Amino acid sequence: MIIAERKPFAEIKAMVAPYKKILIIGCGTCVAVCLAGGEKEVGLLASQLKLALGLEDKRLEIGEITVERQCDLEFLRPLCDFTADYEAIVSMACGAGVQYLKQLCYLQPIFPGVNTSFIGVNNEAGFYTERCRACNHCYLGITGGICPVTMCPKGLLNGPCGGTVNGHCEVDPEKECAWSKIYHNLELEGSLDYMRRIVPLHSHDRRTSPGTVIHPAFKRRYGAHE
Amino acid sequence: MEFQPKILALVCTYCTYTAADMAGSARMQYPAGVRIIKYLCTGRIDIIHILKAFEAGADAVMVSGCETGSCHFLEGNLRARERVEYAQKLLEEAGLGGRLEMFEVAASDAPKWVAAVQEMTRRVEALGPNPLRRGRHLHAGAMEQLENMVQS
Chain V
2 MIIAERKPFA EIKAMVAPYK KILIIGCGTC VAVCLAGGEK EVGLLASQLK
52 LALGLEDKRL EIGEITVERQ CDLEFLRPLC DFTADYEAIV SMACGAGVQY
102 LKQLCYLQPI FPGVNTSFIG VNNEAGFYTE RCRACNHCYL GITGGICPVT
152 MCPKGLLNGP CGGTVNGHCE VDPEKECAWS KIYHNLELEG SLDYMRRIVP
202 LHSHDRRTSP GTVIHPAFKR RYGAHE
Chain H
38 MEFQPKILAL VCTYCTYTAA DMAGSARMQY PAGVRIIKYL CTGRIDIIHI
88 LKAFEAGADA VMVSGCETGS CHFLEGNLRA RERVEYAQKL LEEAGLGGRL
138 EMFEVAASDA PKWVAAVQEM TRRVEALGPN PLRRGRHLHA GAMEQLENMV
188 QS
């Protein structure tokens with residue numbers, strides 16, 4: 002899922018300072034799981050803003066709403082009429098959600114309430130780590146289920162660099178070397194011969210930004226050609 | 038009229054509430070401005086409960102649960118402590134720092150409960166009333182004001 006962190010309070014407060022009536026929109030999927038922008042966090046931010054501005058004797062009317070996913074038009078469309086009453090919007094979704102929301106609510110300024118960090122996993126409540134860089138070419142099948150692009154700070158595809166020290170990384174000695182782990186995983190799987198394969202240069206051209214994916218079943222609908 | 042701090046105490050039923058009950062039974066004297074809300078476990082306390090208390094005008098909030106290691110639900114008090122620490126950070130950012138504290142009071146420790154309330158009261162007396170309560174305090178002229186409002 003997408004992992005995000007809430008923006009510092011001072012930054013959000015400064016962004017909404019010129020307005021009298023704002024709407025905070027949460028996202029109930031990834032950012033809710035990583036405790037950054039779900040329904041609860043929307044409530045906390047609203048309450049914190051009310052307290053801070055109340056202390057300064059300023060009035061700010063705050064609306065709160067959380068949709069299932071801000072990256073999905075199906076859930077955003079019903080918001081359109083609702084948002085018209087507000088001067089500005091704070092979106093607690095990841096960068097994709099904020100942009101999609103702006104596409105719909107183009108008349109008001111939209112401010113991000115979180116900083117989107119990475120695609121990662123939920124290790125335990127409140128503890129998330131990166132696992133995928135969305136490079137558009139997955140090597141996990143030949144690397145023992147460990148992504149060299151993400152887990153190796155140098156993104157090496159053909160074995161470790163010379164800086165591996167007792168299975169640890171030279172960039173961050175606290176972390177295990179991704180390629181050491183790949184070797185051990187392949188050894189356990191009984192597929193060490195994968196280590197001898199030479200992986201060709203990573204095709205960065207497949208990951209031009211902004212990326213587009215059209216499902217093969219929908220090629221005709223969207224006028225895409227093979 | 039002298040400022041009387043209004044303190045909201047969010048306590049667990051097994052330890053702190055029992056201690057507070059015992060303090061009452063033993064006729065121990067402590068500031069009367071504390072209002073207790075009983076939870077089954079402090080692990081149920083959400084940060085939003087604390088922030089809403091301040092929005093409503095509480096001068097301080099104290100969270101009090103079992104001592105470390107003696108939570109009836111094993112780690113509810115530890116979770117509460119994590120949340121309280123985060124809530125302290127949120128309040129600090131909002132400008133209401135120092136008005137939230139976590140205590141651990143065992144069921145048999147009524148004097149510790151009394152001491153906790155006294156400490157919190159002293160702290161709030163030093164900080165002054167919650168500024169958000171402005172215009173909403175009952176002061177000496179409050180009755181007169183109310184009468185005027187009713188008449189008008």
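These protein sequence lines are chains V and H, in that order. Just so you know, the first sequence maps onto residues 2 to 227 in this note's numbering. Just so you know, the second sequence maps onto residues 38 to 189 in this note's numbering. A virtual CB, placed ideally from N, CA and C, is assigned to each residue, including glycine. Remember, it's a predicted structure, so these values are computed and weren't measured experimentally.
With a threshold of 7 Å between beta carbons, G132/H makes contact with chain V.
DSSP, reduced to helix, strand and coil, places P113/V within a strand of the structure shown. Secondary structure of N167/V (DSSP, three-state): coil. E92/H reaches chain V at S48, K51, L52 and G55, counting residues in chain order whose Cβ is nearer than 8 Å.
When CB distances to chain V are screened at a threshold of 7 Å, the residues of the segment 153-172 of chain H falling below it are P168 and L169, in chain order. Between C178/V and H169/V the beta-carbon gap is near 6 Å, inside 8 Å, which marks them as a contact. Linking M16/V to V154/H through their CA atoms gives a straight-line distance of about 39 Å. Straight through space, the alpha carbons of L80/V and I63/V are spaced by roughly 16 Å. According to the DSSP assignment, C49/H belongs to the beta strand (DSSP E) that extends over I44 to C49. In summary, C95/V is buried, with 16 or more beta-carbon neighbours lying within 10 Å of its beta-carbon over all protein chains present. Excluding its 5 nearest sequence neighbours in each direction, L187/V has C-beta neighbours in its own chain below 7 Å: G145, L193, Y195 and M196, listed in chain order.
In this structure, DSSP gives M99/H an extended state, which the three-state scheme calls strand.
With three or more CB-CB distances shorter than 8 Å, the segment 40-49 of chain V counts as touching the segment 82-95 of chain H. Close partners of K41/V in chain H (Cβ separation under 9 Å): D83, I84 and I85. With contacts defined as CB atoms closer than 7 Å, V98/H and M139/H fail to qualify as a contacting pair.
Straight across, the Cα-Cα distance linking T53/H with N114/H is about 11 Å. Neighbours of F10/V in chain H, taken as residues whose beta carbon is under 8 Å from its own, are L127, E130 and A131 in chain order.
Close partners of K89/H in chain V (Cβ separation under 7 Å): S48.
Contact between the segment 132-141 of chain V and the segment 203-216 of chain V is present: 3 or more CB-CB pairs across the two stretches fall below 8 Å. The beta carbon of D146/H sits closer than 7 Å to the beta carbons of A56 from its chain, once the five residues preceding and following it are set aside; these are given in chain order. Short of 7 Å from the beta carbon of K155/V, and not among the five residues preceding or following it, lie these beta carbons of its own chain, in chain order: C162. In the pairwise beta carbon analysis, the segment 104-117 of chain V is classified as touching the segment 6-21 of chain V: at least three pairs are separated by under 8 Å. Annotated three-state conformation of G70/H is coil, per DSSP.
Three or more Cβ pairs closer than 8 Å define a contact, and the segment 59-79 of chain H meets that threshold against the segment 38-50 of chain H.
Contact of L45/V with chain H by beta-carbon distance below 7 Å involves I84, I85, L88 and L127. The beta carbon of V151/H sits closer than 7 Å to those of A60, M65 and Y67, all from its chain and outside the five residues before and after it, given in chain order.
Closest option to E162/H, judged by alpha-carbon separation, among R136/H, E119/H and V142/H: R136/H. For L157/V, the closest alpha carbon among the candidates L77/V, E69/V and W180/V is that of W180/V.
By the 16-neighbour rule on beta-carbons within 10 angstroms, N167/V is exposed.
The continuous stretches of alpha helix (DSSP H) do not include A93/H, and DSSP gives it neither H nor E.
R64/H sits in coil when the DSSP states are folded into three classes, being neither helix nor strand. Where F83/V is concerned, the enclosing alpha helix (DSSP H) starts and stops at C81 to T84. For G106/H, the three-state secondary structure derived from DSSP is coil. In this structure, the CA atom of A126/V is about 37 Å from the CA atom of G165/H.
When E104/H, E112/H, E129/H and D58/H are compared, the shortest CA-CA separation from A53/V is found for E129/H.
Counting every other CB atom within 10 Å of its CB across the protein chains shown gives S210/V a total below 16, marking it as exposed.
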